[in-house]
Structures are given as structure tokens and as C-alpha cells.
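Undergrad: In terms of mature numbering (1 follows the signal peptide of the UniProt record, and there is no 0), the sequence shown is residues -20 to -1, 1 to 132.
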Amino acid sequence: MKLKYLLVTLACTLSFQIAAKPSVNDMQQCQALIDFIEQKLSNPPAKYKSDLVDTAKLGLGKYDDYIQSDIVTPGLIEFNGGDKAKAAEMQKQVDAFKSSLTKALNQRYSQPGLFMDQVVALNECTKKAVPSGEALDDLKRSMESLIALVQS
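1) Is it buried or exposed for P111, if we count other Cβ within 10 angstroms and need 16 for buried?
2) Can the beta-carbon of I57 be found less than 8 Å from the beta-carbon of P2?
3) Kindly confirm or deny that the region 80 to 93 and the region 13 to 27 touch, where touching means at least three C-beta pairs closer than 8 Å.
4) Out of curiosity, what's the CA-to-CA distance linking D75 and Q11?
5) Contact defined as beta carbons within less than 8 Å: I believe L102 pairs with L129. What is the distance between those atoms, to the nearest angstrom?
6) What separation, rounded to the nearest whole angstrom, lies between the Cα atoms of V99 and G55?
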């Protein structure tokens, strides 16, 4: 029963666009979480079905690309008054921060596999930044696959 409720909640959450513009700060944390989950899926436990892993990775990759191209890069350029060189330098700082967050997640969750709290945290990201079109469809399938992997 809980799984059905969670799936319905995730589907509803992903289907609505959020009006507020997501912050670069929030999105770099989401990107760190995506990087962490992608690392976990690069060497998944044997019990994980490969088609679910592939589906999850596809959606995560597209979601990460969306965050970078539609939120982070434009946000950094805007923050730096249109100066793309300064934005590129700031991107290096963002990348370093994401790396430190990913490292902290790897230390906290050193065991193989994924946990539901990680999927829930990713769902919180999807509430802040929702792609459209094919990327949204891939993200929905990715979230469903992640839930299935956690429960396997």
C-alpha cells in the first residue's frame, strides 16, 4: 500500500511545474545527489535488474543535463552580470562543492545499493526543477526504476 501511495505521489509531483525559479545552490546539491546515485549504479549489486539500472541512469543523466543547461549555467551567467568568463570560474567552485557533497554521501552510505531516503531526496529535487517533454518522461521512468531497485 505504501508503495502505491509513494508512486502516485511521485507521479503527481513530477507532473506539475513549479513557478518559483530554483536556485543554483539547491541545484548543485541535487546534482551532487545525482552524481552519487549514478556512482552507486555504475557498480550495482548483483540483485539489481540491468534494465532498471539502465532506465534509472538514462533519466538521471538527462535530468542532470537539464539542471546544468537550464538552471546552473544561466544562473551563474546572470549572477556574474553576463560575464561568461567569471561564470566559468564560478562553475569550477560549484563543481568542487558538488564533489565534496558526493564524497560525503559516499562516506555516509558506503554499502552497495540504494536506499529509499536517497530516492526521496531526489524527489525533493524534482519538486524544485521539473524538465519538460522527453526529459520529464525519462525522469519519471527513472524514479519508478529507482523505487523498484530499492525494493529489490
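Heads up, the beta-carbon is just placed ideally off N, CA and C, and yes, glycines get one too.
From a predicted model like this one, the values you see are computed outputs, not experimental measurements.
TA: Put simply:
1) Your numbering for residue 111 matches position 131 in the sequence shown. With 16 or more Cβ atoms within 10 Å of its Cβ, P111 is classed as buried.
2) Residue 57 sits at position 77 when you count from the first residue of the sequence shown. Residue 2 sits at position 22 when you count from the first residue of the sequence shown. Against a cut-off of 8 Å, the Cβ pair of P2 and I57 comes out as no contact.
3) yes
4) As a working mapping, residue 75 is identified with position 95 in the sequence shown. As a working mapping, residue 11 is identified with position 31 in the sequence shown. Using only the alpha carbons, I get a separation of about 9 Å.
5) For the purposes of this step, residue 102 is taken as the residue at position 122 of the sequence shown. For the purposes of this step, residue 129 is taken as the residue at position 149 of the sequence shown. So it is not a contact: roughly 12 Å between Cβ atoms.
6) For the purposes of this step, residue 99 is identified with residue 119 of the sequence shown, where counting begins at 1. For the purposes of this step, residue 55 is identified with residue 75 of the sequence shown, where counting begins at 1. Taking the straight line from one Cα to the other gives about 26 Å.
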